[in-house]
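Working notes, structure below.
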Amino acid sequence: MSTPSLLILPGDGIGPEVMAEVRRVIDWFGARRGLAFDVTEDLVGGAAWDVHGTPLTDATMEAAQGVDAVLLGAVGGPKYDDLDFSVKPERGLLRLRKEMDLFANLRPAQCFDALADFSSLKRDVVAGLDIMIVRELTSGVYFGEPRGIVTENNERVGINTQRYTESEIARVARSAFELARRRDNRVCSMEKANVMESGVLWRQVVTEVHAAEYPDVELSHMYADAGAMQLTRWPRQFDVIVTDNLFGDLLSDLAAMLTGSLGMLPSASLGAPMANGRPKALYEPVHGSAPDIAGQGKANPIACILSFAMALRYSFDQGAEADRLEGAVQAVLAQGLRTPDLMGPEGGTPVGTRGMGDAILAALDAALEG
Ligand code: NAD
Ligand code: IPM
Ligand code: MN
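Residues 175 to 544 in this note's numbering are what the sequence shown lists, from first letter to last.
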């Protein structure tokens, strides 16, 4: 097999800071595990706008279509707040998702035992938490037409449209059922079928796909607002949650805080299988460019590092190496190392972005030698 290819798009704010640590992890796997990657790096978001006047060039888009996986840091920041909507940094990311047709966004929320006391919820509620949110990523209100700001009756009207076809719902439902079969075999689907027609169709299609193809998986339905409440009341009742683009955005940020920090949550955005049987894929932390801490060397690189672990698992068939990397993260947290976002009243050893990267590399070495 030829060397697997990886396109790295560090982006803006803390994106390049956390990605620098991922690059060291990638190099470690090359040097110590014989896993070589053909890595190229390019610009996205505000960084691309600064140089090219667009948040994603056609050349970068084409490169993304051609690699085995894309790894993205984060995009956006206050410097770009006043840009025209069509060239905002976030549009670069949305274009990647849409044109690569990455319809299934996997956002796992796992509570590492060493952080169970750090969550804003009680230890009993979050300890052992392991849920997977599957967010539909290429449709819904993010992309529906009509959209825009228009003038009607002498006032401005902002318009977005929630729109789902049954095939869009069915394919993301299948992703969720497939994942559930490899986990605790339970799917909870969330929408607002009580007020939205798109929610009515969502519930119908999920139910049909379940009955026809996945009757062995336990399926339940919940209104998304009640789902948010249940996620904070008793999150361990869930295994896989499948939901639309906007609800998935909100619920995954909420789930992130169950685990302690937004700086901990990775994600995988997957499309249909390519000719080689692997899905088109983009991996990125759930968090953004964190302008409030950018440039200070204190961002938590774990979400981005765990996103690379997801790439090892879902794009490169290296599940055991993904376990190895997740184990190193767990070990470092158990040693008490804490970036500022993880520093609670119980204390710990303060480290910055680089220090956390150093410790994870040391833990990888130690596990290999031990
Ligand atoms: P954010 O996720 O950037 O930050 C929210 C809070 O979490 C901040 O206090 C930040 O310091 C903290 N935080 C986030 N990641 C952290 C990390 N790794 N380590 C430590 N602390 C961390 O969200 P925001 O402030 O709402 O958005 C800032 C910009 O990022 C906006 O332009 C937004 O559009 C963009 N954004 C991009 C992505 C992405 O690229 N995928 C995701 C979300 C937001
Ligand atoms: C995310 C972000 C993005 C989204 C933005 C930056 C486009 O919040 O990945 O969660 O809304 O999907
Ligand atoms: Mn978000």
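Where is the CB? At the ideal position from N, CA and C, for every residue including glycine.
Alpha carbon of residue i to alpha carbon of residue j, nearest angstrom
i: D232; j: I323; result: 27 Å
i: P409; j: L480; result: 21 Å
i: V374; j: F412; result: 22 Å
i: L511; j: R498; result: 18 Å
i: P190; j: V225; result: 16 Å
i: T417; j: A541; result: 38 Å
i: A446; j: G522; result: 43 Å
i: S176; j: Q378; result: 43 Å
i: V244; j: P320; result: 30 Å
i: M364; j: G318; result: 19 Å
i: L507; j: G526; result: 13 Å
i: N327; j: L280; result: 43 Å
i: L353; j: G451; result: 17 Å
i: S394; j: A485; result: 29 Å
i: G247; j: V192; result: 7 Å
i: K366; j: A402; result: 12 Å
i: G185; j: G462; result: 10 Å
i: A502; j: G493; result: 14 Å
i: D298; j: D256; result: 44 Å
i: T234; j: V315; result: 26 Å
i: A221; j: Y388; result: 44 Å
i: P475; j: Q404; result: 29 Å
i: R265; j: Y254; result: 12 Å
i: E495; j: L180; result: 16 Å
i: D427; j: E458; result: 14 Å
i: W202; j: G208; result: 9 Å
i: D491; j: T325; result: 52 Å
i: A429; j: F421; result: 12 Å
Option in the options with minimal Cα separation from residue i
i: I182; options: S176, D212, G208; result: D212
i: G531; options: R360, D304, A477, M484; result: A477
i: A473; options: P524, D242, E382, L289; result: P524
i: F482; options: I200, D186, T339; result: I200
i: Q239; options: L456, L507, E543, D539; result: L456
i: M274; options: D390, E236, D255; result: E236
i: R345; options: T312, N359, Q404; result: T312
i: P514; options: Q284, A536, A468, E543; result: A468
i: A301; options: I307, S441, Q284, P389; result: Q284
i: P282; options: M306, P263, L270, K262; result: M306
i: M517; options: P465, P475, S435, A464; result: S435
i: V460; options: A205, E382, T433, L486; result: T433
i: R357; options: F203, F277, V414, A205; result: V414
i: D216; options: V249, L209, R206; result: V249
i: F351; options: L295, D298, I534, A386; result: A386
i: Q509; options: A288, E264, E543, P389; result: A288
i: S293; options: Y488, K272, G227, T406; result: T406
i: S441; options: T335, E382, V391, F277; result: F277
i: L267; options: L535, M448, S443, R198; result: S443
i: R337; options: D242, R348, E371; result: E371
i: G251; options: E382, W223, R348, M448; result: W223
Neighbour-count burial assignment, residue i, 16 or more Cβ in a 10 Å radius
i: A258; result: Inspection of the sequence shows that residue 258 is occupied by Asp rather than by Ala. D258 should be labelled exposed.
i: P178; result: buried
i: R330; result: exposed
i: I333; result: exposed
i: E342; result: buried
i: D423; result: buried
i: M438; result: buried
i: K454; result: buried
i: V369; result: exposed
i: E195; result: buried
i: P229; result: buried
i: D399; result: exposed
i: Q470; result: exposed
i: E520; result: exposed
i: G396; result: One detail in the question is off: residue 396 reads as Met in this sequence, not Gly. Result: buried.
i: A210; result: exposed
i: R487; result: buried
i: V263; result: Residue identity differs from the one stated: residue 263 is Pro in this sequence, not Val. It is buried - the Cβ of P263 has at least 16 other Cβ atoms within 10 Å.
i: E310; result: buried
i: G187; result: buried
i: S489; result: buried
i: E500; result: buried
i: R206; result: exposed
Any C-beta of chain D under 7 Å from that of residue i
i: D497; result: In the structure shown, chain D cannot be found, because there is only a single protein chain.
>> At 4 residues or longer, what runs of the alpha helix (DSSP H) sit wholly inside the segment 448-529?
In response: 476-488, 493-508
> What are the start and end residues of each continuous beta strand (DSSP E) run of 3 or more residues lying completely inside the segment 212-255, in chain order?
Replying inline: 212-215, 243-248
>> Quick check on the DSSP output: what are the complete beta strand (DSSP E) runs of length 3 or more inside the segment 353-396, in order along the chain?
In response: 360-365
> Whose CB is closer than 5 Å to a heavy atom of the ligand IPM? List the residues in chain order.
Replying inline: E264, D423
> Hey, which unbroken runs of the beta strand (DSSP E) at 3 residues or more fall wholly within the segment 267-334?
Replying inline: 278-284, 304-310, 318-326
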